[in-house]
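Take a look at the structure set out below.
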Amino acid sequence: MFDDFFIRALVAGIGVAFVTGPLGCFVIWRRLSYFGDTLAHSALLGVTLAFTMEFNIAISVFVISSIIALILIQLQKKTNLPGDALLGLLAHSSLAVGLVVIGFLTFIRFDIMGLLFGDILAVSVNDLLIIWIGGAFILLTLKFIWKPLFASTVNYELAEAEGLNPDRAKAIFTILMAAIIAISIKMVGLLLITGMLIIPAAMARNLSSSPQSMVIYSIIGGLLSVIIGLFTSLEFNTSSGPSIITAALLLFILSLFKIKQSIKLKN
Amino acid sequence: MSTDQNILVKLNDAGLQLNNKWLVKGVSLQVEKGKIVTLIGPNGSGKSTTAKIALGIYKKIDGSVEKYTNKVGYVPQKISIDWTLPLRVNDFMMLTESLNKDTIDEALSLTGVIHLKDKNLGDLSGGEFQRVLLARAISKKPDLLVLDEPVQGVDFTGEIALYELIKKISDELSCGILLISHDLHTVMSATDHVVCLNGHVCCSGSPMDVAKNNEYKALFGEQASQILSRYEHKHDHIHTDEGEIKKN
């Protein structure tokens, strides 16, 4: 029953889950859910540019997402608008610009649905290489900046005072976010990438009492979501990206029955 | 010069301006190995700001900071831990430096919170958390300790014990300590140098020098002046009913 394309889909999904696990934890800890969304929306612009210039999609998305992230950081410094307003502004305008550009590209047949919701079954061997090599690079970099990034997530001033250079770690982390979106866009699509980052990590938070265990649960959750989601999509002929996210949601719901920390006293 | 080699951090006419308002201005001080420098002053006088300038947290400052060590332990005045993080005391101890189990246990024992090691940080009381913060700062055996009101919320007996511990650490590790405190009684007996702030350096010197200073008296009142001097000069003077100090 395993056709070649299905194996490729599995391998791609597993590769992505390994990376979204730890990154997703930081997205939750640093309250960056909407930042991820914004980068993902801007990815559409990257995809259209890739088609226009016949360039590699992953690289083009990576470049555009990084630029949007840099613009965001600049806007945060220079305007008085709150962070969520700036995120909304960038997310929707880059999505709109991307769609407008697509309108001009009448000579190319676009699979908009595949772009928005992913088409993991169309993953090529080339894409696999990008996912696994890019993913390994992201994980290694994350391991390298783990200490300053985590310390500054807990308390910025402590990290700065004790010489960990949190600003550099934050900038590198922003680029890693753009990179994971770039390599996983083909799999879950730009509307569902943040789901892959947030939902397994949110599930992991319910089960864990230390940062390390949360990362491990988050990876396991992501892997299970990919495997369950893909087999379901094969069995019932549902779209693969949404099936993976739905599987992640079911795991999250299950985890609610086993919340580790009592949250009664906290707000 | 040999004294220069002992300097850990030095502020030269340092100040910080935010939104056209000076938080603190023209502060010069230095912390040397094995010495305790205490910053005192009323609320809003720039004590925490000065500490953060010394730590290099603020980038756009007036004047300059010379920092001669990177082994720094910091206990901030305010710290808010986000409960989205699953963090135990043990994880928190290793926040900025990886330490082995013995080092962590030793530091937690010194501040009397070893029994909380596996507890979630969010479940600690204010005083317990303060002890953990201090344990974390000393566990890495820093050259420079910056303690911003390190015993706030700690019970009375614990407060005295922790100040004794701070003094002991300063002697044993021969590290320099920049201390901020409101508790004149407890601190002054151990302090080598006092800097009294009120948006600028109002006066500085040994505890006795500061106690005699008129600006200090104007800022804190006569009683505080007595507290300081009492520790320095237990036997060479008496106090009149008016609060004046009379030499024997």
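Protein chains in written order, with our numbering: chain G, 2 to 268; chain F, 7 to 254. Even for Gly, the Cβ is constructed at its ideal location relative to N, Cα and C. Every value quoted in this text rests on a predicted model; they were computed, and no experiment measured them.
Neighbour flag for residue i against chain F, beta carbons, 8 angstroms
i, result
"G/Leu165", "yes"
"G/Pro212", "yes"
"G/Leu159", "yes"
"G/Ala162", "yes"
"G/Ala170", "no"
"G/Met204", "no"
"G/Trp30", "yes"
"G/Asn238", "no"
"G/Asn156", "yes"
"G/Ser256", "no"
"G/Ser178", "Sequence inspection shows Met at residue 178 of chain G; the Ser mentioned does not correspond to that position. No, no contact with chain F."
"G/Ser219", "no"
"G/Met215", "yes"
Of the residues the options, the one placed nearest residue i, counting alpha carbons only
i, options, result
"F/Gly118", "F/Asn25, F/Lys146, F/Leu139, F/Val216", "F/Leu139"
"G/Leu191", "G/Gly47, G/Ala152, G/Ala249, G/Ile173", "G/Gly47"
"G/Gly16", "G/Ile29, G/Val126, G/Glu161", "G/Val126"
"F/Gly133", "F/Ser176, F/Leu29, F/Gly182, F/Glu165", "F/Glu165"
"G/Leu117", "G/Leu100, G/Leu130, G/Phe232, G/Phe108", "G/Leu100"
"F/Glu178", "F/Val37, F/Lys41, F/Leu105", "F/Lys41"
"G/Leu141", "G/Gly14, G/Phe6, G/Phe19", "G/Phe19"
"F/Asp19", "F/Asn26, F/Asp97, F/Leu35", "F/Leu35"
"F/His121", "F/Thr197, F/Val95, F/Lys146", "F/Val95"
"F/Gln11", "F/Lys27, F/Val33, F/Tyr74", "F/Tyr74"
"G/Asn49", "G/Val102, G/Phe6, G/Phe232, G/Ile184", "In the sequence under discussion, the amino acid at residue 49 of chain G is Thr, which differs from the Asn named in the question. Taking only the C-alpha atoms, the option nearest G/Thr49 is G/Val102."
"F/Ser131", "F/Leu225, F/Gly159, F/Ser115, F/Ser180", "F/Gly159"
"F/Ser145", "F/Leu114, F/His188, F/Lys125, F/Asp189", "F/Leu114"
"G/Ile29", "G/Leu257, G/Thr154, G/Ser241", "G/Thr154"
Straight-line gap, residue i to residue j (C-alpha atoms, nearest Å)
i, j, result
"F/Leu151", "F/Ile59", "14 angstroms"
"G/Ser214", "F/Lys173", "38 angstroms"
"G/Asn207", "F/Asp215", "57 angstroms"
"G/Phe145", "F/Gly52", "36 angstroms"
"F/Ile6", "F/Pro148", "Lying before the first or after the last residue shown, residue 6 of chain F is absent from chain F, which here runs from 7 to 254."
"F/Leu153", "F/Ile85", "13 angstroms"
"F/Cys209", "F/Tyr222", "7 angstroms"
"F/Cys202", "G/Ile182", "53 angstroms"
"F/Lys77", "G/Met178", "31 angstroms"
"G/Arg9", "G/Ile229", "15 angstroms"
"G/Leu33", "G/Ile194", "13 angstroms"
"F/Ser176", "F/Leu184", "10 angstroms"
"F/Val332", "G/Ile200", "With chain F represented from 7 up to 254, any question about residue 332 of chain F goes unanswered, as that position is not in the structure."
"G/Gly223", "F/Ala167", "49 angstroms"
"G/Asp128", "G/Gly136", "12 angstroms"
"G/Ile26", "F/Phe135", "Here residue 26 of chain G turns out to be Cys, not Ile, going by the sequence shown. Taking the straight line joining both Cα atoms gives about 24 angstroms."
"G/Ser210", "F/Pro92", "5 angstroms"
For residue j and residue i, believed in contact at Cβ under 8 angstroms, the rounded distance
i, j, result
"G/Ile69", "G/Leu87", "Not confirmed; about 11 angstroms, so no contact."
"F/Leu101", "G/Ala152", "5 angstroms"
"F/Gly211", "F/Glu38", "Their Cβ separation, rounded to whole angstroms, is 15 angstroms, which puts F/Gly211 and F/Glu38 out of contact at 8 angstroms."
"G/Leu91", "G/Ile72", "7 angstroms"
"F/Val43", "F/Asp198", "7 angstroms"
"G/Ile139", "G/Ala180", "5 angstroms"
Cross-chain neighbours of residue i in chain A, by beta carbon under 8 angstroms
i, result
"F/Thr55", "Among the protein chains in the structure shown, which are G and F, there is no chain A."
Within-8 angstroms CB hit, residue i to chain G
i, result
"F/Ile90", "The sequence shown places Thr at residue 90 of chain F, rather than the Ile named in the question. Closer than 8 angstroms: yes."
"F/Asn49", "no"
"F/Glu134", "no"
"F/Val15", "no"
"F/Asp111", "no"
Problem - alpha helix (DSSP H) runs wholly inside the region 48 to 90 of chain G, at least 4 long, in chain order - result: 58 to 79
Practice task
Would you list, in sequence order, the uninterrupted alpha helix (DSSP H) runs of no fewer than 4 residues that lie entirely inside the region 191 to 220 of chain F?
Solution key: 213 to 218
Problem - Start-end ranges of the alpha helix (DSSP H) lying completely within the region 133 to 197 of chain F, minimum 4 residues - result: 162 to 178, 190 to 194
Exercise for the section: Run through the region 7 to 52 of chain F for me and flag every whole alpha helix (DSSP H) of 4 or more residues, listed as ranges in chain order. Expected result: 8 to 11
Exercise for the section: Could I get the ranges of all uninterrupted alpha helix (DSSP H) runs contained in the region 83 to 133 of chain F, with 4 residues as the minimum, in chain order? Expected result: 95 to 99, 107 to 116
Handout entry: alpha helix (DSSP H) segments (min. 4 residues) lying fully within the region 151 to 181 of chain G
Key = 157 to 162
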